[in-house]
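If you read the sequence shown in numbering that gives the first Met the number 0, its first letter stands for residue 0, the second for the next number, and so on. Every residue gets a Cβ at the ideal spot worked out from N, C-alpha and C, and that includes glycine. Written below as structure tokens is the structure these notes are about.
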Amino acid sequence: MERLKLTVLSNRQLACGIFGMKLGGCTAECRPGQFVNLELDGFFLRRPISVCDWKDGVLTLAYKVVGDGTAAMAQLPEGTVVDTLVGLGNGFDTDVPCRKALLVGGGIGLAPLFRLTGELVSRGVEVTVVAGFRTASEIFLESEFAEAGANFIVATEDGSRGVKGFVTDAIREKAPDHDYIFSCGPMPMMKALCSATAAPAQLSLEERMGCGFGICMGCTCRTTGGAKRICKEGPVFKREEIIW
0 MERLKLTVLS NRQLACGIFG MKLGGCTAEC RPGQFVNLEL DGFFLRRPIS VCDWKDGVLT
60 LAYKVVGDGT AAMAQLPEGT VVDTLVGLGN GFDTDVPCRK ALLVGGGIGL APLFRLTGEL
120 VSRGVEVTVV AGFRTASEIF LESEFAEAGA NFIVATEDGS RGVKGFVTDA IREKAPDHDY
180 IFSCGPMPMM KALCSATAAP AQLSLEERMG CGFGICMGCT CRTTGGAKRI CKEGPVFKRE
240 EIIW
């Protein structure tokens, strides 16, 4: 973990309720699946946000406005200096036997799969991304994933774009051939994913965090190895570790 002063380079809306922020001056590398913790003026607790991308010292975040903190983030202008804890959490392990990877994101859970896509593609892995949303207006990063080399498949609950239904419906119809799964999203989605698929999988769990680095014990989950902190031992766990 490193504490850095990062500068907002851009902060714009990507889709309904979804914003993208670029922060300059990030000298610490951020691995796929890790997160950062941002200090915001007027708020006691920092805001944990998954790393979407990191390249040449520029940190890219994609976040959903869900409360006062993220609403305040959406108003940060270019040039704002943000006190940021970087390199938090254990990310995805890409050193696994994998030829055809299935990446499954639910809503804002799609964000941490972007840097992962680039790393897998650079290793010669065939990547298919299945992204689930409630409706078409919430879709984001579609063209960016395609440019990164992924086959991008959309599922919407209302059928306004792509496969009508959930990510499991889209996998069954469009992406049944895969040998490894990486996923991030709501727990009900990942529970359904594990019930519908048999391939080895790594799951990035979403949870409200207090400190973000394992002190407050506020984000524990039940695993086969006992209670583990999502911010410290996670957020990524193997599917067989999780007790649903």
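The C-alpha of C218 is placed about 15 Å away from the C-alpha of I48. Under the three-pair Cβ rule at 8 Å, the segment 70-86 counts as touching the segment 7-22.
Minimum Cα-Cα distance from T134 among the listed residues C210, I17, E1, V124 corresponds to I17. Sequence-distant Cβ neighbours of E206 in its own chain, meaning closer than 6 Å and more than five residues away, are C218, I229. Per the C-alpha coordinates, the member of T26, G209, K21, R30 positioned closest to T116 is R30. Restricting attention to A70, L37, G66, S136, the CA atom closest to the CA of T59 is found in L37.
Judged by DSSP secondary structure, E125 falls within the beta strand (DSSP E) whose first and last residues are 125-132. G184 is not a Cβ neighbour of G90, given a cutoff of 7 Å.
If the five residues before and after Q33 are omitted, its C-beta is found closer than 7 Å to the C-beta atoms of V50, G86, L87, G88, G90, all from its own chain and listed in chain order.
Per DSSP, L39 lies in no alpha helix (DSSP H) segment and is marked neither H nor E. Secondary structure note for M0: it is in no beta strand (DSSP E), with a DSSP letter that is neither H nor E.
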